[in-house]
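The structure under discussion appears below in the form of structure tokens.
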Amino acid sequence: HDHKLFKDGKGRKVVASDFVYSFNRIIDVKNASPGAWIFNNIDYREENNYQPFEAINDSTLKIYLTEAFPPFLGILTMQYCTVVAHEVVNYYKNDYRSNPIGTGPFIFKVWDENNKLVLLKNNNYFEKDEDGKSIPYIDAISISFVKDKEMEFLKFLNGELEFISGRDGDNKESIFTPEGTLKKEYENKITMLTNPYLNTEYLGILIDEDLDIVAKSPLRKKFVRQAINYGFDRKQMIAHLRKNIGTPAFAGFVPKGLPSYNEEVVVGYNYNPEKAKELLYLAGYPDGKGLPEITLHTTANYVDLCEYIQHQLGEIGIKTKVDIVDASAHRELVARSKLNFFRKSWIADYPDAENYLALFYSKNFTPHGPNYTHFSNVEFDRLYKLSQSEINDSTRYYLYQKMDKIVIEEAPIVPLYYDVLVRLTQKNVTDLGINPVNLLNLKRVKIDN
Numbered sequence: 012h013d014h015k016l017f018k019d020g021k022g023r024k025v026v027a028s029d030f031v032y033s034f035n036r037i038i039d040v041k042n043a044s045p046g047a048w049i050f051n052n053i054d055y056r057e058e059n060n061y062q063p064f065e066a067i068n069d070s071t072l073k074i075y076l077t078e079a080f081p082p083f084l085g086i087l088t089m090q091y092c093t094v095v096a097h098e099v100v101n102y103y104k105n106d107y108r109s110n111p112i113g114t115g116p117f118i119f120k121v122w123d124e125n126n127k128l129v130l131l132k133n134n135n136y137f138e139k140d141e142d143g144k145s146i147p148y149i150d151a152i153s154i155s156f157v158k159d160k161e162m163e164f165l166k167f168l169n170g171e172l173e174f175i176s177g178r179d180g181d182n183k184e185s186i187f188t189p190e191g192t193l194k195k196e197y198e199n200k201i202t203m204l205t206n207p208y209l210n211t212e213y214l215g216i217l218i219d220e221d222l223d224i225v226a227k228s229p230l231r232k233k234f235v236r237q238a239i240n241y242g243f244d245r246k247q248m249i250a251h252l253r254k255n256i257g258t259p260a261f262a263g264f265v266p267k268g269l270p271s272y273n274e275e276v277v278v279g280y281n282y283n284p285e286k287a288k289e290l291l292y293l294a295g296y297p298d299g300k301g302l303p304e305i306t307l308h309t310t311a312n313y314v315d316l317c318e319y320i321q322h323q324l325g326e327i328g329i330k331t332k333v334d335i336v337d338a339s340a341h342r343e344l345v346a347r348s349k350l351n352f353f354r355k356s357w358i359a360d361y362p363d364a365e366n367y368l369a370l371f372y373s374k375n376f377t378p379h380g381p382n383y384t385h386f387s388n389v390e391f392d393r394l395y396k397l398s399q400s401e402i403n404d405s406t407r408y409y410l411y412q413k414m415d416k417i418v419i420e421e422a423p424i425v426p427l428y429y430d431v432l433v434r435l436t437q438k439n440v441t442d443l444g445i446n447p448v449n450l451l452n453l454k455r456v457k458i459d460n
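If you want the working numbering, it's the position in the sequence shown, counting the first as 1, plus 11.
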């Protein structure tokens with residue numbers, strides 16, 4: 012396609028060398044890009060002059076990898092890989108973030124940081140619909156950054172906003188039935204879109220016994236970790252606290268919505284308090300006797316879930332304390348292996364189970380990777396390496412499932428639920444669509460007046 016970089020309707024054709032420039036910006040240590048990890052497996056061989064990216068001609072890009080890596084094409088769809096123009100970056104330098112120029116269906120117009128962002132239709136956008144008509148259909152987008160979820164919802168009900176995402180906020184809860192659908196009085200006023208979301212909500216358990224906080228903790232014992240997994244009712248938790256918007260995590264860490272997900276193959280934990288008590292006995296804590304109190308660290312948005320789990324674990328003899336930590340501090344403490352037991356989410360960076368299983372590869376220990384639990388298992392690592400170079404999808408999914416089963420058996424995590432996306436729009440908004448990675452694509456949206 013004849014993609015062009017545009018500013019105010021003027022532009023030039025995008026060529027392969029623009030991608031070489033853009034990708035080299037990501038791996039340049041001077042830029043300290045948070046997305047540099049996506050190119051961890053590029054190859055700097057002598058025969059390609061130590062350059063991993065090569066423009067063969069204007070329309071052909073070559074990328075050198077150290078080995079086959081099937082999820083790589085998915086990685087290239089991430090926002091990190093958006094193409095930028097070297098002349099624009101060189102002109103604006105550090106102020107480029109306030110003057111973005113790209114190839115998309117909308118053109119940047121106004122950004123009042125933390126308040127409002129306005130985008131205008133790109134009249135020269137290359138793509139057309141099935142009838143040959145230019146897209147996007149709408150003339151502009153006005154995005155409001157509303158921190159207060161209650162205020163956001165009220166603005167939506169008053170017609171000041173045409174689209175909101177998620178279901179946070181007490182007022183918003185009032186529009187849902189216990190089954191997670193819209194109440195009858197809202198069915199003619201609001202359109203609700205739902206879809207499996209590639210997000211696993213879980214509790215993480217640090218199990219690296221070289222760390223003092225682990226060596227002294229009962230959570231170092233697998234039987235205790237398994238008892239926690241059996242010790243609370245996920246189905247009731249989702250029904251009461253999430254109005255059935257979410258799927259109880261009865262399988263592994265890989266969420267519903269990915270092709271390798273199979274709850275019949277990867278069998279997780281159901282609510283079984285008797286089994287949990289049996290495991291506590293095997294761990295040396297009959298009926299919880301002698302088991303010290305365990306602290307579960309969470310952020311404010313998930314206190315309800317953690318207190319629910321706290322109550323149910325208490326009934327089988329596991330005493331827990333819920334510690335509420337500021338979100339940014341929580342992230343930092345987990346990354347530095349300072350929390351023994353913590354609530355966490357993993358949202359897919361790209362739609363492949365490898366992205367989830369990378370959290371348990373021993374070479375990905377934090378702070379150098381996403382292995383927050385410091386899980387280490389020789390067989391898991393062997394399967395992980397095999398899967399990375401396996402180009403047959405069915406074989407690769409089989410390897411993923413074997414890895415997921417190891418994680419469930421060893422229990423460095425407590426899967427809670429697989430999330431569900433919720434999008435709410437006014438009735439005059441059509442063709443918004445929804446997808447499992449929660450990308451917002453507005454180029455085909457229509458608004459009926």
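For each residue, glycine too, the CB sits at the ideal point set by N, CA and C.
DSSP three-state assignment for residue i, whether helix, strand or coil
i    : result
R455 : coil
G85  : helix
P259 : strand
T310 : coil
S398 : helix
P147 : coil
G22  : strand
R354 : strand
S109 : helix
Q412 : helix
F371 : helix
Y197 : helix
P284 : helix
N68  : strand
V448 : coil
T441 : strand
T384 : coil
I186 : coil
F376 : strand
F174 : strand
K160 : helix
I224 : helix
K139 : strand
I424 : strand
I38  : helix
Beta-ladder partner(s) of residue i, from DSSP
i    : result
G46  : For G46, which the question treats as bridged, DSSP gives no partner whatsoever.
V153 : Reading off the sequence shown, one finds Ser at residue 153, where the question assumed Val. BP columns for S153 point to V129.
R123 : The question names Arg, yet the displayed sequence has Asp at residue 123. D123 is bridged to K127.
M203 : L435
D5   : Lying before the first or after the last residue shown, residue 5 is absent from the chain, which here runs from 12 to 460.
T211 : W357, Y429
F117 : K132
L76  : I53
Between the CA atoms of residue j and residue i - distance to the nearest angstrom
i    : j    : result
Q470 : N42  : With the chain covering only 12 through 460, there is no way to say anything about residue 470.
P116 : L130 : 10 Å
D142 : K438 : 24 Å
K288 : P229 : 15 Å
A294 : R108 : 54 Å
K200 : I175 : 14 Å
I149 : L443 : 12 Å
F83  : N366 : 11 Å
S7   : K355 : Beyond the ends of the chain as shown, which are 12 and 460, falls residue 7; an answer cannot be given.
E420 : D334 : 27 Å
N351 : L394 : 27 Å
K24  : A338 : 43 Å
H97  : E65  : 16 Å
N135 : T114 : 10 Å
N133 : P147 : 8 Å
V440 : S145 : 19 Å
C317 : L427 : 10 Å
N59  : I53  : 12 Å
G299 : K413 : 32 Å
S398 : K454 : 36 Å
E57  : S387 : 34 Å
Integer Cβ distance of residue i from residue j, believed to fall under 8 Å
i    : j    : result
G279 : A260 : 6 Å
I67  : A27  : 7 Å
V425 : Y213 : 6 Å
A364 : V448 : Contact doesn't hold; Cβ gap of about 13 Å is too wide.
R434 : L204 : 4 Å
| query | Should the segment 288 to 307 be regarded as contacting the segment 256 to 270, the criterion being three or more beta carbon pairs within less than 8 Å? | reply | Short answer: they don't touch.
| query | Are the segment 229 to 248 and the segment 275 to 292 in contact at 8 Å, needing three or more beta carbon pairs? | reply | Contact between the segment 229 to 248 and the segment 275 to 292 is present, because at least three Cβ pairs lie under 8 Å.
| request: Could you tell me whether the segment 148 to 166 touches the segment 216 to 230, where touching means 3 or more Cβ pairs closer than 8 Å? | output: Taking 8 Å as the limit for Cβ pairs, the verdict is that the segment 216 to 230 does not touch the segment 148 to 166.
| query | Can at least three beta-carbon pairs, one atom from the segment 29 to 41 and one from the segment 88 to 100, be found at a separation below 8 Å? | reply | Per the Cβ contact rule, the segment 29 to 41 is in contact with the segment 88 to 100 (3 or more Cβ pairs under 8 Å).
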